[in-house]
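Written out below as structure tokens is the structure these notes cover.
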Amino acid sequence: MTGYAELAKRFGTPSYVYDLDRIAAARRDLFAALPEEVELFYAAKANPHPELLREMRAGEGRRCRAEISSTGELAAVLTAGFPADEILYTGPGKTEDELVEALTAGVRLFSVESLGDLRNIGAVATRLGVIATCLLRVNSANASATSSIRMTGVPSQFGFDSETLPELREQLFDVPGTDVAGAHFFPLSNAKDEASLIGEFQHTISVAARVQDELGTRFRFVDIGGGFSVPYAVSGERPVYGNLREAMASSLDEWFPGWRSGEVKFAVESGRYLVGDSGTLMVGVVNLKESRGRRFVILDGGINTFGGMSGLGRIMPVSVRLDDEGIPLEQIASLVGPLCTPGDVLGRDIELPALAPGDVVNIPNAGAYGPTASLLMFLGRPAPTEILVRGEELVSVSRIEHIRAYELGQEL
Numbered sequence: 001m002t003g004y005a006e007l008a009k010r011f012g013t014p015s016y017v018y019d020l021d022r023i024a025a026a027r028r029d030l031f032a033a034l035p036e037e038v039e040l041f042y043a044a045k046a047n048p049h050p051e052l053l054r055e056m057r058a059g060e061g062r063r064c065r066a067e068i069s070s071t072g073e074l075a076a077v078l079t080a081g082f083p084a085d086e087i088l089y090t091g092p093g094k095t096e097d098e099l100v101e102a103l104t105a106g107v108r109l110f111s112v113e114s115l116g117d118l119r120n121i122g123a124v125a126t127r128l129g130v131i132a133t134c135l136l137r138v139n140s141a142n143a144s145a146t147s148s149i150r151m152t153g154v155p156s157q158f159g160f161d162s163e164t165l166p167e168l169r170e171q172l173f174d175v176p177g178t179d180v181a182g183a184h185f186f187p188l189s190n191a192k193d194e195a196s197l198i199g200e201f202q203h204t205i206s207v208a209a210r211v212q213d214e215l216g217t218r219f220r221f222v223d224i225g226g227g228f229s230v231p232y233a234v235s236g237e238r239p240v241y242g243n244l245r246e247a248m249a250s251s252l253d254e255w256f257p258g259w260r261s262g263e264v265k266f267a268v269e270s271g272r273y274l275v276g277d278s279g280t281l282m283v284g285v286v287n288l289k290e291s292r293g294r295r296f297v298i299l300d301g302g303i304n305t306f307g308g309m310s311g312l313g314r315i316m317p318v319s320v321r322l323d324d325e326g327i328p329l330e331q332i333a334s335l336v337g338p339l340c341t342p343g344d345v346l347g348r349d350i351e352l353p354a355l356a357p358g359d360v361v362n363i364p365n366a367g368a369y370g371p372t373a374s375l376l377m378f379l380g381r382p383a384p385t386e387i388l389v390r391g392e393e394l395v396s397v398s399r400i401e402h403i404r405a406y407e408l409g410q411e412l
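In UniProt numbering, the protein residues as written are 1 to 412.
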């Protein structure tokens, strides 16, 4: 691959470099870790870059479906070649206009967050003369005790509280325009290790079986969520799950004996695992300063460029990749961006080599939750350049641009 220093010199900073070969490898590894019959949804929110989306549909054999939460993502995945009937539309605030656009485009699979959400989908589907296949998103009351970032078991805008589903049964299965075909779970994100991930999936599969029995129905489709881990903005390798396939198959055999013959289809979803290690963020050093005993390295890109961590309300332990492993780490400093807000911090108290204005800092494992998860429009700064490579081939170079569109008034 063309070196980072050369790319930074040619296209400037801040810039992302995404390696499509790394995405292809992650996709192959994850499919290999799953039973053959299990489907895989790519969570487009992780990185909706057009080339990355196309890569998810490339190659031979099994291909990713798409999980989306907006009409913008809908347009992106359709353009990238995802068939409408392989798209799962999720989210707690689907508007009537969104539903019309999705159903008109051919999307038929929806994750349903509430009875009101189900009725809204049914009303639009009935008006359009179609049937929407719906998965009840379940907010399970009980955790598996193997969690990393817990997404269930607490009050939430996401999903039906599992203990309320039996009393809602008659209403859930009596909404015109809908076919309640199964359930959707997303109990955690970023499992700490393979054992935790396996434990979570085993727990979720057992909960799905219990919910099915409580509703007195037979599920035809169950999405058990994700939790596949990869280092985020720190050095490290993407894990390969060597025991997951057998453990998942065994659990499915126990709770859903007909899954191998297709009586019920199972799926998982992933975003960061598939694209995380493909990306490197290159940011330029603008200035250095000390303040009351602390050092700061001021960069030309901050949370306006790499804001996924700030959206989580915390500072992640960012690290810097050194092209030469022999370069000594000589200082402890904070990496901060150019924005006029104290929140523009990429990392605090990081071990760094000696740096000077004009140097380029490379942040590894930055392929997920980058530009589109950042404060792109804050202060009117330009979006980072996004560079796509495959091996030594330079595939594309682009940048997101925001243009104001007037609906009323005169453009100046």
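Backbone N, C-alpha and C define an ideal beta-carbon position, used for all residues, glycine too.
Which same chain residues end up closer than 8 Å to residue i when comparing Cβ atoms and leaving out the 5 residues on each side of it in sequence?
{"i": "isoleucine 224", "result": "Phe185, Phe201, Thr204, Ile205, Ala208, Phe266, Ala267 and Val268"}
{"i": "arginine 108", "result": "Ala84, Asp85, Val130, Ile131, Ala132 and Thr133"}
{"i": "leucine 34", "result": "Leu40, Leu244, Arg245, Met248 and Val268"}
{"i": "leucine 172", "result": "Leu115, Leu118, Leu136, Leu165, Val180 and Leu215"}
Contact check, residue i vs residue j under 8 Å by CB: the rounded distance?
{"i": "valine 360", "j": "alanine 5", "result": "7 Å"}
{"i": "lysine 29", "j": "valine 264", "result": "What sits at residue 29 in the sequence shown is aspartate, not lysine. Wrong, their Cβ atoms sit about 25 Å apart, outside the cutoff."}
{"i": "alanine 356", "j": "valine 283", "result": "Contact flag wrong, Cβ pair sits at about 14 Å."}
{"i": "glycine 302", "j": "leucine 346", "result": "6 Å"}
{"i": "alanine 43", "j": "glycine 271", "result": "3 Å"}
{"i": "glutamate 51", "j": "alanine 24", "result": "With 8 Å as the limit, glutamate 51 and alanine 24 do not qualify as a contact, their Cβ atoms being about 12 Å apart."}
{"i": "proline 14", "j": "threonine 305", "result": "5 Å"}
{"i": "glycine 177", "j": "alanine 123", "result": "7 Å"}
{"i": "leucine 7", "j": "isoleucine 327", "result": "Not quite, the Cβ-Cβ distance comes to about 19 Å (not below 8 Å), so this is no contact."}
{"i": "valine 336", "j": "leucine 376", "result": "That pair is no contact at about 18 Å."}
{"i": "leucine 53", "j": "alanine 75", "result": "The Cβ separation is near 11 Å, so there is no contact."}
{"i": "glycine 367", "j": "asparagine 47", "result": "6 Å"}
Relative to the C-alpha of residue i, which candidate in the options has its C-alpha closest?
{"i": "tryptophan 255", "options": "Asp213, Ala43, Gly358 and Phe11", "result": "Asp213"}
{"i": "valine 234", "options": "Asp117, Asn365 and Arg127", "result": "Asn365"}
{"i": "alanine 84", "options": "Gly91, Leu128 and Glu73", "result": "Glu73"}
{"i": "aspartate 174", "options": "Ile121, Asn190 and Arg65", "result": "Ile121"}
{"i": "leucine 136", "options": "Gly129, Ala123, Ser114 and Arg119", "result": "Ser114"}
{"i": "leucine 329", "options": "Pro342, Leu346, Cys340 and Glu351", "result": "Glu351"}
{"i": "leucine 128", "options": "Val222, Val100, Ala191 and Phe110", "result": "Val100"}
{"i": "alanine 102", "options": "Arg119, Trp259, Ala125 and Glu393", "result": "Ala125"}
{"i": "arginine 294", "options": "Val138, Thr95, Arg260 and Arg348", "result": "Arg348"}
{"i": "valine 275", "options": "Glu36, Ile298 and Lys45", "result": "Lys45"}
{"i": "glutamate 39", "options": "Arg65, Tyr18 and Gly367", "result": "Arg65"}
{"i": "leucine 20", "options": "Leu408, Ile403, Ser396 and Ile363", "result": "Ser396"}
{"i": "arginine 381", "options": "Leu339, Ala405, Leu408 and Gln410", "result": "Leu339"}
{"i": "threonine 341", "options": "His49, Leu379, Gly81 and Gln331", "result": "Leu379"}
{"i": "arginine 169", "options": "Thr104, Glu96, Asp179 and Gly216", "result": "Gly216"}
{"i": "tryptophan 259", "options": "Gly236, Phe219 and Asp179", "result": "Phe219"}
{"i": "leucine 197", "options": "Tyr232, Gly106 and Gly242", "result": "Gly242"}
{"i": "isoleucine 87", "options": "Asp97, Arg63, Thr95 and Glu96", "result": "Arg63"}
{"i": "valine 389", "options": "Gly12, Leu78, Arg119 and Val17", "result": "Val17"}
{"i": "histidine 49", "options": "Asp117, Leu78 and Leu252", "result": "Leu78"}
{"i": "tyrosine 369", "options": "Phe11, Ser398 and Leu281", "result": "Leu281"}
{"i": "glycine 12", "options": "Ile403, Gln410 and Thr385", "result": "Thr385"}
{"i": "aspartate 344", "options": "Ala191, Arg404, Gly81 and Ser374", "result": "Ser374"}
Where does residue i fall in DSSP's three states?
{"i": "leucine 20", "result": "helix"}
{"i": "glutamate 401", "result": "coil"}
{"i": "valine 124", "result": "helix"}
{"i": "proline 155", "result": "Confidence at proline 155 is low in this model, with a pLDDT of 48, below 50, so its placement is unreliable and the value that follows should be read with caution. Correct three-state label for proline 155: coil."}
{"i": "tyrosine 4", "result": "helix"}
{"i": "alanine 132", "result": "strand"}
{"i": "glycine 279", "result": "strand"}
{"i": "arginine 321", "result": "strand"}
{"i": "aspartate 161", "result": "strand"}
{"i": "methionine 377", "result": "coil"}
Quickly, what does DSSP pair residue i with across the bridge? List them, please.
{"i": "phenylalanine 221", "result": "Gly182 and Lys265"}
{"i": "arginine 137", "result": "His184"}
{"i": "glycine 284", "result": "Val360"}
{"i": "lysine 289", "result": "Phe296"}
{"i": "phenylalanine 173", "result": "For phenylalanine 173, which the question treats as bridged, DSSP gives no partner whatsoever."}
{"i": "isoleucine 350", "result": "Ala333"}
{"i": "isoleucine 87", "result": "Ala66"}
{"i": "isoleucine 387", "result": "Val17 and Val397"}
{"i": "glutamate 39", "result": "Ala267"}
{"i": "leucine 109", "result": "Leu88 and Thr133"}
{"i": "valine 345", "result": "Val336"}
Within a Cβ cutoff of 7 Å, which residues of the same chain sit near residue i, ignoring the five residues on either side of it in sequence?
{"i": "valine 230", "result": "Arg238, Arg272, Tyr273, Gly276, Asp277 and Asn365"}
{"i": "residue 440", "result": "Outside the displayed range of the chain (1 to 412) lies residue 440, so it cannot be described from this structure."}
{"i": "alanine 333", "result": "Arg295, Phe296, Val297, Ile350 and Leu352"}
Keeping to the same chain, check which residues put their C-beta closer than 6 Å to that of residue i; ignore five residues upstream and five downstream.
{"i": "residue 433", "result": "Since the displayed the chain opens at 1 and closes at 412, residue 433 lies outside it and no answer follows."}
{"i": "serine 69", "result": "Thr90 and Gly91"}
{"i": "alanine 354", "result": "Glu330"}
{"i": "alanine 195", "result": "none"}
{"i": "valine 222", "result": "Gly182, Ala183, Ala208 and Phe266"}
{"i": "lysine 289", "result": "Phe296"}
{"i": "proline 155", "result": "Low confidence applies to proline 155: its pLDDT is 48, below 50, so where it sits in the model is not reliable enough to give any reading."}
Measuring from the CB of residue i, is there a heavy atom of the ligand ADP at a distance below 6 Å?
{"i": "alanine 58", "result": "The ligand content of the structure shown is nil, which means the ligand ADP is not present either."}
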